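Just so you know, this note's numbering puts the end of the sequence shown at 88, numbered straight through with nothing missing. The C-beta atom is built at its ideal place from N, Cα and C for all residues, glycine as well. Here the structure is a predicted model, which means the values were calculated and not measured. A short write-up of the structure that comes next.
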Amino acid sequence: MATQTFHATGLTCGHCAAAVAEELGALDAVEAADVTPVRDGVSTIVVTSTRDLTDSEVADALDEAGGYVLVDGDSATAGPDGSES
Numbered sequence: 004m005a006t007q008t009f010h011a012t013g014l015t016c017g018h019c020a021a022a023v024a025e026e027l028g029a030l031d032a033v034e035a036a037d038v039t040p041v042r043d044g045v046s047t048i049v050v051t052s053t054r055d056l057t058d059s060e061v062a063d064a065l066d067e068a069g070g071y072v073l074v075d076g077d078s079a080t081a082g083p084d085g086s087e088s
């Protein structure tokens, strides 16, 4: 399992977070998606999956969920021991 952290703009509430988690959860590899919305700021999205997701996959899910925008080049991957690569 891999854990990746992404950041996005436009999420303002729990409904936004739930919509993003649902869209990401629909991807085959995704086991869990934890979304922390930040009104008027940059929200954090932590995804646990069986493989690394591409920025494009996450950006598409964000757009489908409500037009949210991925902050470019900001994904980090953590291995099984929790260290980021």
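Closest Cα partner of residue i within the set the options
{"i": "Leu-14", "options": "Arg-42, Val-74, Gly-28 and Thr-57", "result": "Arg-42"}
{"i": "Val-45", "options": "Met-4, Cys-16, Ala-5 and Ala-64", "result": "Cys-16"}
Under the three-state DSSP convention, the category residue i falls into
{"i": "Leu-73", "result": "strand"}
{"i": "Ala-11", "result": "strand"}
{"i": "Ala-22", "result": "helix"}
{"i": "Ser-88", "result": "Residue confidence for Ser-88 is low, a pLDDT of 47 falling below 50, so the modelled location carries little weight and cannot support an answer."}
Short Cβ contact (7 Å threshold) for residue i with residue j
{"i": "Thr-12", "j": "Val-49", "result": "no"}
{"i": "Ala-24", "j": "Val-38", "result": "yes"}
{"i": "Glu-34", "j": "Thr-51", "result": "yes"}
{"i": "Arg-54", "j": "Ala-32", "result": "yes"}
{"i": "Val-61", "j": "His-10", "result": "no"}
Can you list, in chain order, the stretches of the alpha helix (DSSP H) that have 4 or more residues and sit fully within the stretch 42 to 67?
Given a length threshold of 4 residues, the stretch 42 to 67 has no whole run of the alpha helix (DSSP H) inside it.
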